[in-house]
Each structure stands twice: as structure tokens, then as C-alpha cells.
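Inspection log for the structure reproduced underneath, given as C-alpha cells.
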Amino acid sequence: MTTLVAVLVDGLIYSSWLFIMAIGLTLIYGVMKILNIAHGSLFALGAYTAASLAGHWFEQGYLPMGSYAIMLLAAILVGIVAGPLLERGLLRFMYGRDEIVLVLVTYATFLILEDFIKLVWGVDPYFLYQPYGLLGSFDIGELTYPNYNLLLLAMSVAIGGILAWTLTRTRYGKILIAVIHDREMAASQGVNVSLVYFVTFTLGAMLGALGGALTAPMISVQPGIGAETIVLAFAVVVIGGLGSLPGAALAALLVGIVRAATIHFRPELDLFSIYFVMAAVLIARPKGLFSAQEARKI
Amino acid sequence: MNTVLRALRPLTTGLFSIAAIIAVVMLAAPSAQASDKPIRIGLVTFLSGPAAGPFGVPARIAAEAIVESLNAGEVPAPYGSIGLSGLPIELVIIDEAGGATKQVAEFRNLVERQKVDFVIGYISSGDCLAIPPVAEELKKLTVLFDCGTPRVFEEASYKYVFRTRPHATMDAVAGARYLLETRPDLKSYAGINQNYAWGQDSWKDWTAVLEVLRPKAKVTTSQMPKFGAGQYGAEISALMRSRPEVIHSSLWGGDLEAFMLQSTPRGLFRRSDLLLIAGEPNLHRLVGNIPDGTIVGARGPHGVFAPKGKLNDWLRRIYKAKTGREPNYPAYSAAQAFLGLKAAYERARLEKVKSAIPMAAVEGVKEGMEQAYQMPNTEEVIAAFENLTFESPSGKVMMKLGKGHQAVQGTAYGTTRTVGGKIIIENIKYYPVEQVQPPEGISSIDWIKGGLKPGRW
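See below:
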């Protein structure tokens, strides 16, 4: 087995994870122009809820395979509770303000939610390791990979595919694109922009929580995981072009492959790899790989 | 008290009067002082972030239990007196999270606003390097209780700063000695360590020790993921492909747990043995995810390595009463810091009483006794702390390095085995201090490169 194959496989697995982390962030920015720093907290909430619920599931001795459904349920639960609460209870009062104000508001929300998590779950880490090994493993050359990695890969392709199909092939997608292009014009044509925002933010929150739920079996779920995630997700979204779905996919792939290559060939540079990609892309394309053309308003 | 003094005034000279004064002072002191204001100790430990679960919170729980026990006078000998010399202890607890700059501000706050008498704290090596200069500036006696970097006293000299736990050089030295006793023909090894001061220093020490003890062994790969990376897929592949006999790791907390969760199903440890120099605090959480035969240490004979004795039984009992679990090494570090400070404080007090009595006999009983009743000041506690030897739940601790400010102890390593859903440590080997710590006056790295010659202690 050549090192290149190992780089490709490791890179692809990491990319799929990165894409799942970033997709909710880019969706919310694309539609609502909100750089949602609280995405990190939604990720953490998803991980904690999945670890608690699925952990309880295992303790009760229920069918182990059911734990995947519980993880999914945890993500949906966080999305439909936290999403509307944040959007209706806070963000809607901020629409129309400068993007920087919204960044500060979501950052403040992130800090509050981090403490909320500590209040609810404490600081002791939670484990949900069973689902990671439950699906068995596969071999590529001399390396063994858990099939859970394939599940991640499949999830990232499915999420990306469904979102792309929704945006391009459905009526709701066309409405979304209209809102993305010009919120005021869409509203004047009878589009309920407020509802679009509500649905989009809830969906974005759900995707953030799904990222956390899917990551929980691979990590120790503990305070601070949200902060790590938001930095990575932000880097991917910026490289791809803020708000661009294909941009996020390509950026995740690029970062994943470069990081895996660095680890296999020059591990001491691992720390720098993602920022190297970021710097290289932003020098060539300051607004990211797939930045949308902006019409100049007179 | 004035009545007692008046009654004693005629007894001015002679052995009888001195003996009487000593008796009155020693007997009356605890009850007289118990009503005085408590001694405030600032405790700085991680209450949030990745280090909170395995390190910071166990240390806080232990500290609270220790202080309760000290204030109730329930600690076994030689620590049976209440609090510090009869004065109860009051804790002011601060979160260590947030980085060195924040901690410097927090330290100033503790000293200038909270008016603490002493500070005990710091798990992060970065904080342990940042705080001492400020402690010197503010003249506040500070006990570093858990951090490992040898640089604190090897690169500087401090009057107000002590560390009651050995520094990290012993991790690499004892770990390598242990490994080579079971694998004398070691041919290859790899590392996975976090890419910041702790991980880099650990790997640097480890490779330096093996270059001395087993120069034929080759490094197959050195992985340096960032702190908090969480995902180790590619690192595990690189380690698997390089096929080392042993993997050295200083990963700790959540990073260690994530690495173990991801590498065990991939069969990494079917190919390579594992040595975890900071794995002890996480052991109880890794059941089912750590291979039998993993080499584990605790920087000193702490936790499962602690010798049997009344102090060890006491710490285990009070910690277990709070958590239902056995104390891990940060809990032992906390105990060592509080008992070290208590030993120094009470030694300083005793010295004060001793020196006051003859003067009282000559110049006047009242003034002499009043002076004897004064609690020792910071300078006097420092004088008593320097080069102190004191007992702890993990055995004898000697303040022998850093001009008497840095503790030394022997250490131990062992291997894990899972039995009935619990991880036990077996094949424990103890290493005396001269085998694992450099003597005074030479830096750790120079001592290692110079062939690890045992010093005189």
C-alpha cells in the first residue's frame, strides 16, 4: 500500500467530518448573512445530548443498533428546541443590523451556551464510544478503518446532495435563492422572509447538532469541544467562500487531503496545514473559492 | 489571657519558668487562635476546559476535602492540629482556564483584592512559568502544585515560589528505564504528543533519554497533533504504517481519550505497545479502550502507586467520601501542596516560639509571649519551607532542588490489566530519586545528555 492511498483515504474521511461540521454554518450565512459563532455550541449540545441519550440507551440494554437512531433523534431535538429559541427569541430582533453586530450577538450566545452546558452536564467528560466500533471495520492494505468512517462519508454525501437538490430542484429552494439574492425584493414578491429565516436557522442548528452527535462516539465529550469546532468550521467556510455549499465541500476536501498529506510526510507541520490552505486560497481569491458575485447597489 | 500573663509575671527566670511558659503557649495557642480570622488560601485549578475533568476538578475536590479535614483537626499525625497552627483555612477558588495572561490578572486579583495569605495552584506548565515573576513582585508565597516543566527553577531562582511536586524529567527517565527492563533490545519507537510546550518537552526528554540508554533504537515517526485536535485518523494511520515497537505519548485528558477511542478499534495496539506518561488520571474512564500491558506512570508514587500508610488511607477515605472514586494523581498533588505548606507554617511557628522563650525569660514574660503568639510572617514561612522534608500520602517529600524550593521524590511505573471491568496496575517498579531526578546545579537536559549519573541526595 502506498502512502498516497493512505493520504487519500485519511483525507477523505477527515474531509467528510469537516464538511458535516461546516455545512450548517455555511447554510445560515448563505441565507441569513449571519456568521453564527453559536454553531460551536449547537455542535456541543448535539454531542452532549447524543452522549446522554444514547448512553442511557446502552445502559438499559436496548438493541445497540438503535443507538444510531437515538443520535439522530438527539440532533433533531437540539435543532428544534435551540434553533427556534435562538432565532425567535434573539436573532430576529437583530435583523437588518451590521453583520459585525450579529457576530457579536452570536459570540455572546456561544459564551452563554458554553456555561449552560457546564451547568447541565458538569465538567466531567462523557463517553459514547460503542457506536464507533459497532459497525465492524474494513481493511485497505495494511490499515484498518472502522465502518463508522463510511457512515460519516455517506452522511456527508447525503446531506450535501439533499441540500443541493433542495436548492436547485424544489420550490422552497428557489424561494431561498431569491431571499439570498435580495431579501427586500423577495419580500415584495410575497415571500415570507421571516418564515424562511426561521426554517433555515432551525435547519442549520439541526445540522450543527448532527455534527456533534456524529462526532460524539469518536471523542471524549467535554467542555470546550464547541470552541475547537467553530474555528475549524469557520476556516472551511471562509476557504470555500462564505455561504457557498459547493465551496464548503471543496474546501473540506482540500483541507482534509492537505492535512493527511502533512501528517504522513511532514507531521511537524500539521498545526499549520489548515492555515496554509486558508492563506494560499485567500491570497489567490480573497473571498474564497466559490464567492458569489455581488451586484453593486446604487 | 491577660490574667494568665499577670499570674505568670513573677516567674521570670529559671528552668521552671521557661518550661511553664512553653507549656502555656503550646496548650493555649490552638484555642486562643481558633477565634482569630482564618488563613485565606487562593486555590487555582482548572474548573472548565479539557483539563477540568481529569485534573482540575479532582484537585479541587481533594483540596476542599483536605481543608475540611484540616479545619476539623482530623488529619493523621504529624498534621493533627487544626488548620495551620490552630487557624482555620478558608479557600478562595479560581478557574485556571483562559491562558497565562488571564491567570496573571487573576493572581493579582487574588493578592490585591481577595487578600489571600498564600496561593496554591497551577496545573498548566505555561501558567507555572508566567506566575512566579508576579509572585515575586507581589511578595506572595505561592505553591505550584501540579505542573511539570523543569524550567521553573532551572532557568530562574525564586524566593516566594515553591513546587511541592517533582518536575517532569522523571517521566521520561523512569519510563525509559521501565521500558528497557522489559525490552532491553528495543529497536524502534514512535511518539504522539501535543504540539505545545508540554508535548514538545516530553518528546524531547524522551528521545534524549533513549539516545543515552538505548542509542540503537530508532524513531519511526513523531506525530504532533495540535492541542484539542479531537480527530486522529491520519495520525493513527501514520503510526500503524511506521510499525514501531512502542508508542510514547504524553497526551492527556480528552485528547488522550479521543486518541484511545479511535485507535483501539483500528488495532493500533496489536502492532505496538503503548507508554502513557500522563495516563493515570484517565485510567478509570478507559475500561475497554486501553490494551493490557500499557505502561503507565503518575510522576511520583501517587494514586495506585502510593505506599500504604495512614496519610494515604486518610486521603483515599476523604476523597472517596466526596466522589465514590479513588483519588488520582492531581488529588495527591493537591494533598502534597497543602501538607507541605502546613508543615512549613507550623515549623516556622515552632521556631518562633522556641526563639521567643529565652528572650521572654530575660527581658519580660509578657512581651516574649506576645511575640510567640504572633503567627509567622511570610519570610519566616519561606525560611521554614526551604529544604523542608515532609510526609505526604505518597511518602516522603524533600524540597531539595531549586535552592530548596523544588520537591523531589522517587517515582514508579507499572502496566495495566483489565480485570472484571476494572483496570489494575501490576508489575509496579519503584525508582529512587537519584535514578530519575538530576541533582542540584545541573539542568535536566544536560543531566540526561551527560549519561544520567546519579546525584547525591
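Protein sequence lines correspond, in order, to chains A and B. So the first sequence is numbered by my numbering: it starts at 143 and just counts up by one. So the second sequence is numbered by my numbering: it starts at 974 and just counts up by one. Note that beta-carbon positions come from the ideal geometry of N, C-alpha and C, so glycine has one too.
- One Cα belongs to L232 of chain A, the other to K1075 of chain B, and the distance between them is close to 30 Å.
- The DSSP assignment places complete beta strand (DSSP E) segments of no fewer than 3 residues inside the region 1236-1261 of chain B at 1246-1249, in order along the chain.
- Pairing P1238 of chain B with L1064 of chain B, the inter-Cα distance amounts to about 44 Å.
- Put simply, the CB of E1208 of chain B is near chain A, with a gap under 7 Å to one of its CB atoms.
- Out of A:I155, A:R230, A:S209 and A:V149, the CA that lies nearest to the CA of F340 of chain A is found in A:R230.
- Here DSSP, grouped into helix, strand and coil, assigns M1371 of chain B to strand.
- Burial check for F1232 of chain B: the Cβ neighbour count within 10 Å reaches 16 or more, so the residue is buried.
- Beta-bridge partners of L253 of chain A (DSSP): none assigned.
- Here T144 of chain A is exposed. Its C-beta has fewer than 16 other C-beta atoms within 10 Å.
- A distance of 7 Å or more separates the beta carbons of N1166 of chain B and L413 of chain A.
- S157 of chain A is positioned such that its CB atom lies closer than 7 Å to that of L395 of chain A.
- Taken in chain order, the members of the region 352-367 of chain A whose beta-carbon sits within less than 8 Å of a beta-carbon on chain B are T357, P359, M360, I361, S362, Q364, P365, G366 and I367.
- Residue ranges of uninterrupted beta strand (DSSP E) with 3 or more members, entirely inside the region 1376-1402 of chain B and ordered along the chain, are 1379-1381 and 1384-1392.
- In the three-state reduction of the DSSP assignment, P288 of chain A falls in the strand class, which pools E and B.
- At least one CB atom of chain B sits nearer than 7 Å to the CB of D266 of chain A.
- Within the region 999-1086 of chain B, the runs of beta strand (DSSP E) at least 3 residues long that lie entirely inside it are, in chain order, 1012-1018 and 1062-1068.
- Rounded to whole angstroms, the separation of the alpha carbons of A1103 of chain B and V1077 of chain B is 7 Å.
- When the Cα atoms are used, N1285 of chain B and L1425 of chain B turn out to be separated by approximately 31 Å.
- Interface residue (Cβ-Cβ distance to chain A less than 7 Å): L1234 of chain B is classified as such.
- Residues of chain A with a Cβ closer than 7 Å to the Cβ of P1023 of chain B are, in chain order, Q364 and G366.
- Listed along chain A, the residues sitting closer than 8 Å to K1199 of chain B by beta-carbon distance are D412 and L413.
- With a threshold of 7 Å between beta carbons, R1150 of chain B makes no contact with chain A.
- With a threshold of 7 Å between beta carbons, N1168 of chain B makes contact with chain A.
- In this structure, V1219 of chain B lies away from I1421 of chain B, with their beta-carbon atoms at least 7 Å apart.
- In the displayed model, I1165 of chain B falls within a strand according to three-state DSSP.
- Against chain A, the CB of P1238 of chain B has a partner CB under 7 Å away; the residue lies at that interface.
- Under the 7 Å criterion on CB atoms, G1227 of chain B is classed as interfacial with respect to chain A.
- Within its own chain, the residues whose Cβ lies closer than 7 Å to the Cβ of R1429 of chain B, once the five positions on either side in sequence are excluded, are P1412, listed in chain order.
- Identification of chain A residues near T1194 of chain B by a Cβ-Cβ cut-off of 7 Å yields P409, ordered along the chain.
- In the DSSP assignment, K1293 of chain B falls within the unbroken alpha helix (DSSP H) covering K1283 to T1296.
- When beta bridges are read from the DSSP output, F280 of chain A appears opposite A:Y287.
- Contact of V1030 of chain B with chain A is assigned, a C-beta pair being separated by under 7 Å.
- In the DSSP assignment, K1199 of chain B falls outside any alpha helix (DSSP H) and carries neither an H nor an E.
- Within the region 155-179 of chain A, contact with chain B at the beta-carbon level (separation under 8 Å) is assigned to I155, Y156 and W159.
- S1097 of chain B sits in coil when the DSSP states are folded into three classes, being neither helix nor strand.
- Taking a Cβ-Cβ cut-off of 9 Å, E201 of chain A has no neighbours in chain B, whose nearest Cβ is about 14 Å from it.
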